[in-house]
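The structure appears right after this line, and notes come after that.
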Amino acid sequence: MASPHLKVRVCLLLLLPLQCLIRITPYPTLLTLGRSLGTLLMQFKGKMYHTTLKNLQLCFPELNKKQRQLLLKKTYQSLGMAVIEMLMSWWLPNKKIDTRLTVHNRTYLDQALKTHGVILLSPHFNTLELVGRLLTLHVDFAVMYRPQKISLLDKIIRHYRSRYYSHIIARDDVRQMVKTLKNKQIVWYAPDGDHGLKYSVFAPFFGVPAATLTATSRIARMGHAKVIPCYFYRRADSTGYDLYLHPPLEDFPSASPVADATRINKLLEQAIRVHPEQYIWSYKRFKTRPAGEKRFY
């Protein structure tokens, strides 16, 4: 039986033709191909399609059927572009992408780092993979990582991420996160996952009760860290990405985990509403329900 390491090497070799194609194709053309890929993926109405549609129904009840279908289509097109962007983040050299990201309000981050570690707080936008790679060209930071269910895919992603991220922290490694923050470093963290109720509270997200991690409050307190909202978007003209840093949250964390979770969800919701099609709606954000409530998925 082939070793896991050998399987990864074989897979990487098989990807070489695609890697060459990504490297020689102009950036705008790659995004156009991604958009077409998303439109194609939308035709396969499996679990991902129904989860995405259900989330849009829950979070945008004000939209009529035609408007919701349009948002669904744009979401899939954005997802298709994100697949191509992930490959770009793996394979394109810095010189081909280093001008694609504009960081706004960098002063907030620089000032906070003089005295504290910083948690960059972001939603799970589907541009995260490429924007993360681009941000490494501006600042050094640690990223959180959740192992993939498919072992081979997990090894491939780790292989590429380790090439441009200097610090990769397992999602449940709180000790390492705290240590990094106490050293006045940056941790990029997206707290909008549903991980059950063990370390979560229910807080509204787009008006729907959602199991929301309290880890942001706990880690900020333990690491004596500032929390800076960090939102990023793909430009409509396909020229690149804008990343916006905001002032550190005041009076955070508070004495109430529910109040903190509600505050964070509201911030993330406001950021998502700017470009809702760029959020990962295929994730079962509302999987955990309050006692007695019917399941959505």
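Numbering (the numbering used here), first residue to last: 9 to 305.
Where a beta carbon is used, it is the ideal one built from N, C-alpha and C, also for glycine.
At the C-beta level, Thr220 and Ala228 stay beyond 7 Å of one another. Bounds of the alpha helix (DSSP H) holding Asp268 are Pro265 to Val282. When DSSP reads this structure, Asp250 sits in a beta bridge with Thr110 and Tyr241. Under the criterion of beta carbons closer than 8 Å, Leu87 and Ile272 do not qualify as touching, at roughly 24 Å. DSSP, reduced to helix, strand and coil, places Val216 within a strand of the structure shown. Pairing Leu64 with Arg76 gives a Cβ-Cβ distance under 7 Å. Asp148 is positioned such that its CB atom lies no closer than 7 Å to that of Ser170. Of the candidates Lys103, Val182 and Arg303, the residue whose Cα lies closest to the Cα of Tyr153 is Val182. Residues Phe260, Pro261, Ser262, Pro265, Asp268 and Ala269 of the same chain have their beta carbon placed closer than 8 Å to that of Ser225, with the five preceding and five following residues left out of the count. If one requires a minimum length of 3 residues, the beta strand (DSSP E) runs lying completely within the stretch 156-197 are 175-178 and 194-197, in chain order. For Gln286, the closest alpha carbon among the candidates Leu23, Pro199, Gly46 and Leu22 is that of Gly46. A straight-line Cα-Cα distance of about 19 Å links Ile236 and Tyr249. Under the three-state reduction of DSSP, Met50 is assigned to coil, being neither helix nor strand. In this structure the stretch 123-139 lies against the stretch 195-213, because at least three pairs of beta carbons, one per stretch, are closer than 8 Å.
When secondary structure is reduced to three states using DSSP, Leu61 falls in the helix class.
Here DSSP, grouped into helix, strand and coil, assigns Leu145 to coil. Secondary structure of Ser208 (DSSP, three-state): strand.
According to DSSP, Met152 shares a beta bridge with Ile177. The criterion of a C-beta distance shorter than 7 Å is satisfied by Phe294 and Val216. The beta carbon of Glu277 sits closer than 7 Å to the beta carbons of Phe213 and Phe214 from its chain, once the five residues preceding and following it are set aside; these are given in chain order. With a beta-carbon spacing of about 5 Å, Leu251 and Val111 fall inside the 8 Å limit used to define contacts.
A straight-line Cα-Cα distance of about 10 Å links Gly231 and Gln184. Scanning its chain for C-beta atoms nearer than 6 Å, with the 5 sequence neighbours on each side dropped, one finds no residue around Tyr291. According to the DSSP assignment, Ile127 belongs to the beta strand (DSSP E) that extends over Gly125 to Leu129. With respect to the 7 Å criterion, Leu189 and Ala218 are not classified as neighbours on the basis of their beta carbons.
Under the 10 Å beta carbon count, Arg281 is surrounded by fewer than 16 other beta carbons and is classified as exposed. Sequence-distant Cβ neighbours of Leu80 in its own chain, meaning closer than 7 Å and more than five residues away, are Thr60, Leu61 and Leu64.
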